[in-house]
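**Student:**
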Amino acid sequence: MRSVLSFEKLDSIGEGTYGIVSKGRDKETGRIVALKKVKIGQQDKDGIPLTSLREIQILKEIKHPNIVSLLEVVIGSTGDKIYLVFEYLEHDVASLIDNINKPFKLSEIKCFLLQLLRAVEYLHSHWIIHRDLKCSNLLYGNNGNLKLADFGLARKFGYPIESITPCMVTLWYRSPELLLGCQKYSTAVDLWSIGSIFGELLIGRPLITGNNEVDQIMRIFNLLGEPNEQIWPGFSSLPNFKRLNNIPHQPYNNLRELVPTISDTAFDLLNQLLTYDPTKRITASDAIKHPFFYENPFPQSIEMMPKFPTISKSFKNQNKKQNNNFNNFVQNNQTNQNNQTNQNNQTNQNNKTSQNNNMDSYKYSK
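All residue numbers for the sequence shown refer to full-length UniProt numbering, where the first residue is 1 and numbers rise by one.
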(Lines of atoms letter the chains of each structure in order from A and count residues from 1; the text may use other names and numbers.)
(Lines give C-alpha, C1' and ligand atoms only; values in the text may rest on other atoms or scores of the structure.)
Protein backbone atom coordinates (compact mmCIF):
# COMPACT_ATOMS: atom_id res chain seq x y z
CA MET A 1 0.00 0.00 0.00
CA ARG A 2 1.40 3.38 -1.03
CA SER A 3 1.66 6.46 1.17
CA VAL A 4 -0.16 9.73 0.62
CA LEU A 5 3.32 11.23 0.25
CA SER A 6 3.26 9.72 -3.25
CA PHE A 7 0.90 12.58 -4.13
CA GLU A 8 1.35 16.32 -4.31
CA LYS A 9 -1.57 18.23 -2.82
CA LEU A 10 -2.77 20.93 -5.22
CA ASP A 11 -5.99 22.41 -3.89
CA SER A 12 -8.83 21.83 -1.46
CA ILE A 13 -12.03 20.70 -3.16
CA GLY A 14 -14.47 20.45 -0.28
CA GLU A 15 -15.52 18.73 2.91
CA GLY A 16 -18.33 16.25 3.31
CA THR A 17 -19.85 14.42 6.23
CA TYR A 18 -17.34 11.60 6.09
CA GLY A 19 -14.19 13.08 4.60
CA ILE A 20 -12.15 16.01 3.36
CA VAL A 21 -11.47 16.02 -0.39
CA SER A 22 -8.41 17.56 -2.05
CA LYS A 23 -7.08 17.73 -5.58
CA GLY A 24 -3.71 16.02 -5.98
CA ARG A 25 -1.12 14.88 -8.48
CA ASP A 26 0.46 11.43 -8.53
CA LYS A 27 4.21 12.10 -8.40
CA GLU A 28 4.98 8.92 -10.34
CA THR A 29 2.54 9.25 -13.23
CA GLY A 30 1.53 12.93 -13.14
CA ARG A 31 -2.14 11.93 -13.09
CA ILE A 32 -4.53 14.40 -11.43
CA VAL A 33 -6.68 12.70 -8.78
CA ALA A 34 -9.08 13.46 -5.95
CA LEU A 35 -7.85 12.50 -2.47
CA LYS A 36 -10.52 11.84 0.15
CA LYS A 37 -9.10 11.92 3.67
CA VAL A 38 -11.25 9.67 5.84
CA LYS A 39 -12.40 11.19 9.10
CA ILE A 40 -11.59 8.94 12.06
CA GLY A 41 -13.50 9.85 15.21
CA GLN A 42 -13.11 8.68 18.80
CA GLN A 43 -15.35 5.69 18.13
CA ASP A 44 -13.09 4.61 15.26
CA LYS A 45 -9.83 4.20 17.20
CA ASP A 46 -9.74 0.50 16.44
CA GLY A 47 -9.95 0.88 12.69
CA ILE A 48 -11.53 2.43 9.61
CA PRO A 49 -15.05 3.90 10.01
CA LEU A 50 -17.86 1.60 8.90
CA THR A 51 -19.06 4.12 6.31
CA SER A 52 -15.63 4.13 4.65
CA LEU A 53 -15.40 0.34 4.72
CA ARG A 54 -18.79 0.14 2.98
CA GLU A 55 -17.73 2.74 0.42
CA ILE A 56 -14.48 0.90 -0.34
CA GLN A 57 -16.20 -2.47 -0.56
CA ILE A 58 -18.97 -1.24 -2.87
CA LEU A 59 -16.68 0.76 -5.17
CA LYS A 60 -14.31 -2.18 -5.57
CA GLU A 61 -17.21 -4.36 -6.71
CA ILE A 62 -18.77 -2.03 -9.28
CA LYS A 63 -17.60 -0.47 -12.53
CA HIS A 64 -19.68 1.84 -14.69
CA PRO A 65 -18.86 4.82 -16.95
CA ASN A 66 -21.19 7.05 -14.92
CA ILE A 67 -19.84 6.07 -11.49
CA VAL A 68 -16.62 7.58 -10.15
CA SER A 69 -13.72 5.09 -10.02
CA LEU A 70 -11.82 4.31 -6.82
CA LEU A 71 -8.21 4.01 -8.00
CA GLU A 72 -6.54 2.93 -4.78
CA VAL A 73 -6.42 3.33 -1.01
CA VAL A 74 -3.29 4.88 0.54
CA ILE A 75 -2.14 5.46 4.11
CA GLY A 76 -1.31 8.79 5.74
CA SER A 77 2.25 9.95 6.35
CA THR A 78 2.09 8.85 10.00
CA GLY A 79 0.28 5.61 9.28
CA ASP A 80 -2.83 6.45 11.31
CA LYS A 81 -4.99 7.87 8.50
CA ILE A 82 -6.24 6.57 5.18
CA TYR A 83 -7.00 8.30 1.91
CA LEU A 84 -9.26 7.12 -0.89
CA VAL A 85 -7.84 8.01 -4.30
CA PHE A 86 -10.49 8.74 -6.96
CA GLU A 87 -10.41 9.81 -10.57
CA TYR A 88 -10.69 13.58 -10.79
CA LEU A 89 -13.51 15.50 -12.45
CA GLU A 90 -13.48 19.28 -12.68
CA HIS A 91 -16.92 20.14 -11.31
CA ASP A 92 -19.93 19.07 -9.31
CA VAL A 93 -23.38 19.93 -10.62
CA ALA A 94 -24.41 21.90 -7.52
CA SER A 95 -21.49 24.31 -8.01
CA LEU A 96 -22.37 24.73 -11.67
CA ILE A 97 -25.96 25.61 -10.80
CA ASP A 98 -24.80 28.08 -8.14
CA ASN A 99 -22.02 29.77 -10.09
CA ILE A 100 -22.82 29.60 -13.80
CA ASN A 101 -25.36 32.30 -14.59
CA LYS A 102 -26.52 30.80 -17.87
CA PRO A 103 -29.20 28.12 -17.26
CA PHE A 104 -28.79 24.66 -18.72
CA LYS A 105 -30.57 23.96 -21.99
CA LEU A 106 -33.24 21.26 -21.88
CA SER A 107 -31.11 19.07 -24.19
CA GLU A 108 -28.25 19.34 -21.66
CA ILE A 109 -30.56 18.51 -18.76
CA LYS A 110 -31.65 15.40 -20.66
CA CYS A 111 -28.01 14.37 -21.09
CA PHE A 112 -27.34 14.89 -17.37
CA LEU A 113 -30.46 12.98 -16.37
CA LEU A 114 -29.86 10.04 -18.69
CA GLN A 115 -26.33 9.54 -17.37
CA LEU A 116 -27.57 9.68 -13.78
CA LEU A 117 -30.40 7.23 -14.48
CA ARG A 118 -27.99 4.78 -16.12
CA ALA A 119 -25.72 4.89 -13.07
CA VAL A 120 -28.63 4.32 -10.69
CA GLU A 121 -30.11 1.58 -12.88
CA TYR A 122 -26.74 -0.19 -12.69
CA LEU A 123 -26.59 0.18 -8.89
CA HIS A 124 -30.11 -1.13 -8.38
CA SER A 125 -29.44 -4.11 -10.66
CA HIS A 126 -26.50 -4.90 -8.36
CA TRP A 127 -28.67 -4.62 -5.22
CA ILE A 128 -27.23 -1.30 -4.07
CA ILE A 129 -29.15 1.78 -2.88
CA HIS A 130 -27.09 4.97 -3.00
CA ARG A 131 -29.14 6.82 -0.34
CA ASP A 132 -27.51 10.22 -0.85
CA LEU A 133 -28.29 11.39 -4.37
CA LYS A 134 -27.98 15.17 -4.69
CA CYS A 135 -26.42 17.65 -7.10
CA SER A 136 -23.23 18.02 -5.05
CA ASN A 137 -22.62 14.26 -5.42
CA LEU A 138 -22.86 14.44 -9.22
CA LEU A 139 -19.42 15.11 -10.69
CA TYR A 140 -19.04 16.58 -14.15
CA GLY A 141 -16.01 16.51 -16.40
CA ASN A 142 -15.32 18.91 -19.24
CA ASN A 143 -15.48 15.92 -21.58
CA GLY A 144 -19.24 15.86 -20.95
CA ASN A 145 -19.28 12.87 -18.61
CA LEU A 146 -21.39 12.91 -15.47
CA LYS A 147 -20.35 10.52 -12.68
CA LEU A 148 -22.05 9.60 -9.44
CA ALA A 149 -19.85 9.95 -6.34
CA ASP A 150 -19.83 9.64 -2.54
CA PHE A 151 -20.88 6.12 -1.61
CA GLY A 152 -20.40 6.64 2.14
CA LEU A 153 -24.12 6.07 2.76
CA ALA A 154 -24.66 3.45 0.05
CA ARG A 155 -26.05 0.16 1.25
CA LYS A 156 -26.52 -3.30 -0.19
CA PHE A 157 -29.99 -4.71 0.22
CA GLY A 158 -31.68 -8.06 -0.10
CA TYR A 159 -35.16 -9.33 -0.76
CA PRO A 160 -37.35 -8.98 1.16
CA ILE A 161 -36.11 -5.54 2.23
CA GLU A 162 -34.81 -5.59 5.80
CA SER A 163 -35.14 -2.71 8.26
CA ILE A 164 -32.47 -0.07 7.66
CA THR A 165 -31.81 3.43 8.97
CA PRO A 166 -34.32 5.93 7.50
CA CYS A 167 -32.48 9.22 8.18
CA MET A 168 -29.80 9.00 5.52
CA VAL A 169 -30.68 10.97 2.40
CA THR A 170 -29.91 14.72 2.60
CA LEU A 171 -33.09 16.48 3.77
CA TRP A 172 -34.04 18.36 0.58
CA TYR A 173 -33.76 15.16 -1.48
CA ARG A 174 -35.39 12.82 1.04
CA SER A 175 -38.51 10.92 0.04
CA PRO A 176 -41.83 11.17 1.92
CA GLU A 177 -41.63 7.58 3.19
CA LEU A 178 -38.25 8.31 4.80
CA LEU A 179 -39.50 11.57 6.30
CA LEU A 180 -42.45 9.68 7.81
CA GLY A 181 -40.14 7.09 9.40
CA CYS A 182 -40.49 4.08 7.09
CA GLN A 183 -37.72 1.57 7.89
CA LYS A 184 -38.36 -1.01 5.18
CA TYR A 185 -37.77 1.14 2.15
CA SER A 186 -36.62 0.30 -1.34
CA THR A 187 -34.69 1.61 -4.34
CA ALA A 188 -37.60 4.03 -4.83
CA VAL A 189 -35.94 6.44 -2.37
CA ASP A 190 -33.21 7.05 -4.96
CA LEU A 191 -35.82 7.82 -7.64
CA TRP A 192 -37.45 10.49 -5.47
CA SER A 193 -34.01 12.08 -5.10
CA ILE A 194 -33.59 11.99 -8.89
CA GLY A 195 -36.94 13.76 -9.23
CA SER A 196 -35.69 16.46 -6.86
CA ILE A 197 -32.49 16.78 -8.92
CA PHE A 198 -34.51 16.97 -12.15
CA GLY A 199 -36.60 19.77 -10.69
CA GLU A 200 -33.48 21.60 -9.51
CA LEU A 201 -31.95 21.44 -12.98
CA LEU A 202 -35.16 22.83 -14.47
CA ILE A 203 -35.66 25.78 -12.11
CA GLY A 204 -32.03 26.48 -11.18
CA ARG A 205 -32.45 26.03 -7.43
CA PRO A 206 -33.37 23.22 -5.01
CA LEU A 207 -36.98 22.17 -5.46
CA ILE A 208 -38.16 21.73 -1.85
CA THR A 209 -36.08 23.42 0.86
CA GLY A 210 -37.40 22.52 4.30
CA ASN A 211 -35.68 23.66 7.49
CA ASN A 212 -36.25 20.34 9.27
CA GLU A 213 -38.03 17.03 8.69
CA VAL A 214 -41.48 18.32 9.67
CA ASP A 215 -41.08 21.46 7.56
CA GLN A 216 -39.86 19.37 4.62
CA ILE A 217 -42.85 17.00 4.63
CA MET A 218 -45.25 19.95 5.05
CA ARG A 219 -43.69 21.69 2.04
CA ILE A 220 -44.06 18.47 0.04
CA PHE A 221 -47.75 18.28 1.01
CA ASN A 222 -48.23 21.93 -0.01
CA LEU A 223 -46.52 21.37 -3.36
CA LEU A 224 -47.92 17.98 -4.37
CA GLY A 225 -51.19 18.02 -2.45
CA GLU A 226 -52.11 16.22 0.75
CA PRO A 227 -51.86 12.41 0.29
CA ASN A 228 -54.63 10.02 1.19
CA GLU A 229 -55.00 6.27 1.61
CA GLN A 230 -56.33 5.91 -1.91
CA ILE A 231 -53.22 7.27 -3.63
CA TRP A 232 -50.75 6.03 -0.98
CA PRO A 233 -52.10 3.07 0.99
CA GLY A 234 -50.65 2.76 4.50
CA PHE A 235 -48.99 6.18 4.68
CA SER A 236 -51.04 7.27 7.71
CA SER A 237 -49.70 4.28 9.67
CA LEU A 238 -46.06 5.33 9.30
CA PRO A 239 -44.41 6.22 12.65
CA ASN A 240 -43.85 9.93 12.11
CA PHE A 241 -47.25 10.70 10.58
CA LYS A 242 -48.95 10.63 13.97
CA ARG A 243 -46.55 13.34 15.19
CA LEU A 244 -47.62 15.83 12.54
CA ASN A 245 -49.86 18.70 13.59
CA ASN A 246 -51.78 21.18 11.45
CA ILE A 247 -51.40 19.21 8.23
CA PRO A 248 -52.30 21.57 5.37
CA HIS A 249 -55.56 20.68 3.63
CA GLN A 250 -54.19 21.03 0.14
CA PRO A 251 -56.01 18.74 -2.31
CA TYR A 252 -54.27 20.04 -5.45
CA ASN A 253 -50.90 19.31 -7.02
CA ASN A 254 -49.17 22.66 -7.59
CA LEU A 255 -45.99 21.25 -9.11
CA ARG A 256 -46.94 22.45 -12.60
CA GLU A 257 -46.79 26.07 -11.43
CA LEU A 258 -43.07 25.71 -10.69
CA VAL A 259 -42.29 24.44 -14.20
CA PRO A 260 -44.92 26.08 -16.45
CA THR A 261 -42.83 26.07 -19.63
CA ILE A 262 -41.85 22.39 -19.87
CA SER A 263 -43.75 19.97 -22.09
CA ASP A 264 -46.47 17.68 -20.78
CA THR A 265 -44.13 14.75 -21.41
CA ALA A 266 -41.38 16.31 -19.28
CA PHE A 267 -43.88 17.06 -16.53
CA ASP A 268 -45.15 13.49 -16.65
CA LEU A 269 -41.65 12.13 -15.95
CA LEU A 270 -41.12 14.63 -13.13
CA ASN A 271 -44.48 13.69 -11.66
CA GLN A 272 -43.73 9.95 -11.87
CA LEU A 273 -40.41 10.47 -10.08
CA LEU A 274 -42.13 12.52 -7.35
CA THR A 275 -44.94 10.02 -6.77
CA TYR A 276 -46.02 9.56 -3.15
CA ASP A 277 -46.49 5.78 -3.19
CA PRO A 278 -43.00 4.23 -3.53
CA THR A 279 -44.49 1.08 -5.07
CA LYS A 280 -45.90 3.21 -7.92
CA ARG A 281 -42.86 5.46 -8.34
CA ILE A 282 -41.15 4.98 -11.70
CA THR A 283 -38.00 2.82 -11.76
CA ALA A 284 -34.67 3.90 -13.23
CA SER A 285 -35.06 1.40 -16.09
CA ASP A 286 -38.52 2.69 -17.00
CA ALA A 287 -37.44 6.32 -16.65
CA ILE A 288 -34.67 5.77 -19.23
CA LYS A 289 -37.34 4.58 -21.68
CA HIS A 290 -39.68 7.52 -20.98
CA PRO A 291 -40.90 9.46 -24.06
CA PHE A 292 -39.33 12.62 -22.60
CA PHE A 293 -35.96 11.49 -23.94
CA TYR A 294 -37.36 10.80 -27.42
CA GLU A 295 -38.91 14.18 -28.19
CA ASN A 296 -37.40 17.48 -29.33
CA PRO A 297 -35.05 18.75 -28.13
CA PHE A 298 -33.22 15.43 -28.01
CA PRO A 299 -30.55 14.74 -25.37
CA GLN A 300 -27.32 16.55 -26.15
CA SER A 301 -24.49 14.24 -27.17
CA ILE A 302 -21.76 13.92 -24.54
CA GLU A 303 -19.19 15.27 -27.00
CA MET A 304 -21.23 18.47 -27.45
CA MET A 305 -21.88 19.14 -23.76
CA PRO A 306 -20.55 22.49 -22.52
CA LYS A 307 -17.16 23.01 -20.91
CA PHE A 308 -16.86 25.20 -17.83
CA PRO A 309 -13.91 27.00 -16.24
CA THR A 310 -12.66 25.61 -12.94
CA ILE A 311 -14.48 27.28 -10.06
CA SER A 312 -12.22 27.94 -7.08
CA LYS A 313 -13.48 27.44 -3.54
CA SER A 314 -13.02 31.15 -2.75
CA PHE A 315 -14.96 32.11 -5.89
CA LYS A 316 -17.80 29.79 -4.88
CA ASN A 317 -18.08 31.49 -1.48
CA GLN A 318 -17.75 34.97 -3.01
CA ASN A 319 -20.29 34.25 -5.74
CA LYS A 320 -22.71 32.75 -3.23
CA LYS A 321 -22.52 35.98 -1.21
CA GLN A 322 -23.00 38.03 -4.38
CA ASN A 323 -25.98 35.89 -5.39
CA ASN A 324 -27.55 36.45 -1.97
CA ASN A 325 -26.96 40.21 -2.27
CA PHE A 326 -28.33 40.16 -5.82
CA ASN A 327 -31.42 38.21 -4.75
CA ASN A 328 -32.01 40.70 -1.92
CA PHE A 329 -31.58 43.56 -4.40
CA VAL A 330 -34.04 41.97 -6.84
CA GLN A 331 -36.55 41.33 -4.06
CA ASN A 332 -36.27 44.90 -2.73
CA ASN A 333 -36.35 46.33 -6.24
CA GLN A 334 -39.43 44.27 -7.08
CA THR A 335 -41.12 45.52 -3.91
CA ASN A 336 -40.28 49.11 -4.81
CA GLN A 337 -41.54 48.55 -8.35
CA ASN A 338 -44.78 47.08 -7.04
CA ASN A 339 -45.21 50.02 -4.67
CA GLN A 340 -44.49 52.46 -7.50
CA THR A 341 -46.91 50.61 -9.77
CA ASN A 342 -49.61 50.76 -7.10
CA GLN A 343 -48.97 54.48 -6.63
CA ASN A 344 -49.10 55.07 -10.39
CA ASN A 345 -52.29 53.04 -10.68
CA GLN A 346 -53.85 55.06 -7.87
CA THR A 347 -52.72 58.34 -9.47
CA ASN A 348 -54.07 57.24 -12.86
CA GLN A 349 -57.33 56.21 -11.26
CA ASN A 350 -57.64 59.57 -9.51
CA ASN A 351 -56.81 61.42 -12.73
CA LYS A 352 -59.33 59.32 -14.62
CA THR A 353 -62.00 60.03 -12.02
CA SER A 354 -61.19 63.74 -12.15
CA GLN A 355 -61.37 63.73 -15.95
CA ASN A 356 -64.72 61.94 -15.87
CA ASN A 357 -66.07 64.47 -13.38
CA ASN A 358 -64.86 67.34 -15.57
CA MET A 359 -66.47 65.75 -18.62
CA ASP A 360 -69.74 65.29 -16.75
CA SER A 361 -69.62 68.94 -15.67
CA TYR A 362 -68.98 69.92 -19.28
CA LYS A 363 -71.98 67.88 -20.45
CA TYR A 364 -74.28 69.41 -17.87
CA SER A 365 -73.08 72.94 -18.63
CA LYS A 366 -73.86 72.40 -22.28
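In this text, a Cβ means the ideal position worked out from N, Cα and C, and glycines have one as well. Note that the structure is a prediction, hence the values are computed from the model and not measured.
Whose C-alpha, out of Asp277, Leu224, Val93, Leu255, is nearest the C-alpha of Asn142?
**Tutor:** For Asn142, the nearest C-alpha among the options comes from Val93.
**Student:** Runs of 4 residues minimum, wholly inside the segment 206–277: which ones carry the alpha helix (DSSP H) assignment?
**Tutor:** Those alpha helix (DSSP H) runs which fall completely within the segment 206–277 and span 4+ residues are 213–224, 255–258, 264–273.
**Student:** Closest to Lys101 by C-alpha separation, out of Arg205, Cys111, Lys156, would be which residue?
**Tutor:** For the sequence presented, residue 101 should be read as Asn rather than Lys. For Asn101, the nearest C-alpha among the options comes from Arg205.
**Student:** Let me know the secondary structure DSSP gives Tyr185 once reduced to three states.
**Tutor:** Correct three-state label for Tyr185: coil.
**Student:** Spell out a yes or no on whether the segment 167–179 and the segment 249–268 are touching, meaning 3 or more CB-CB pairs, one atom from each, closer than 8 Å.
**Tutor:** Contact fails: fewer than three Cβ-Cβ distances are below 8 Å.
**Student:** Using DSSP with H/G/I as helix, E/B as strand and the rest coil, what is Arg31?
**Tutor:** It is coil, neither helix nor strand.
**Student:** Only counting the same chain, and skipping five residues up and downstream in sequence, which positions put a Cβ closer than 6 Å to that of Arg219?
**Tutor:** Within the same chain, Arg219 has close Cβ partners Ile208, Gly210.
**Student:** Looking only at its chain, what residues have a beta carbon closer than 7 Å to the beta carbon of His126, apart from the 5 residues adjacent to it on each side?
**Tutor:** Closer than 7 Å at Cβ, skipping near neighbours: Ile62.
**Student:** Taking 8 Å as the threshold (C-beta atoms), are Leu96 and Phe308 in contact?
**Tutor:** A contact, by the Cβ cut-off of 8 Å.
**Student:** Would you be able to state if there are at least three C-beta pairs under 8 Å between the segment 65–76 and the segment 143–160?
**Tutor:** Contact holds: three or more Cβ-Cβ distances are below 8 Å.
**Student:** Can you look up Phe308 in the DSSP assignment and give me helix, strand or coil?
**Tutor:** Residue state, collapsed to three classes: coil.
**Student:** Starting from the Cα of Ser77, find the closest Cα among Lys147, Ile203, Ser3 and give me that residue.
**Tutor:** Ranking the options by Cα distance to Ser77, first place goes to Ser3.
**Student:** Thinking C-beta only, is Lys147 closer than 8 Å to Leu84?
**Tutor:** No, Cβ-Cβ distance for Leu84 and Lys147 is not below 8 Å.
**Student:** Are the beta-carbon atoms of residue 369 and Val21 separated by less than 8 Å?
**Tutor:** Coverage of the chain is limited to positions 1 through 366, which leaves residue 369 absent and any answer about it impossible.
**Student:** For the beta strand (DSSP E) containing Phe7, list its first residue and its last residue.
**Tutor:** Here the beta strand (DSSP E) through Phe7 covers 7–15.
**Student:** Going by DSSP, what residue range makes up the beta strand (DSSP E) through Ser22?
**Tutor:** Element bounds for Ser22: 19–26.
**Student:** What's the C-alpha gap between residue 432 and Lys9?
**Tutor:** This structure leaves residue 432 out entirely; the chain is present only between 1 and 366.
**Student:** Cβ of Val120 within 8 Å of Cβ of Ile194?
**Tutor:** In this structure, Ile194 lies closer than 8 Å to Val120 by Cβ.
**Student:** Only counting the same chain, and skipping five residues up and downstream in sequence, which positions put a Cβ closer than 8 Å to that of Ser6?
**Tutor:** Counting only Cβ-Cβ distances below 8 Å, and skipping sequence neighbours, we find Asp26, Lys27, Glu28, Val74.
**Student:** Excluding the 5 residues flanking Cys111 on each side, which residues of the same chain have their C-beta closer than 7 Å to its C-beta?
**Tutor:** Pro299, Gln300, Ile302, Met305, listed in sequence order.
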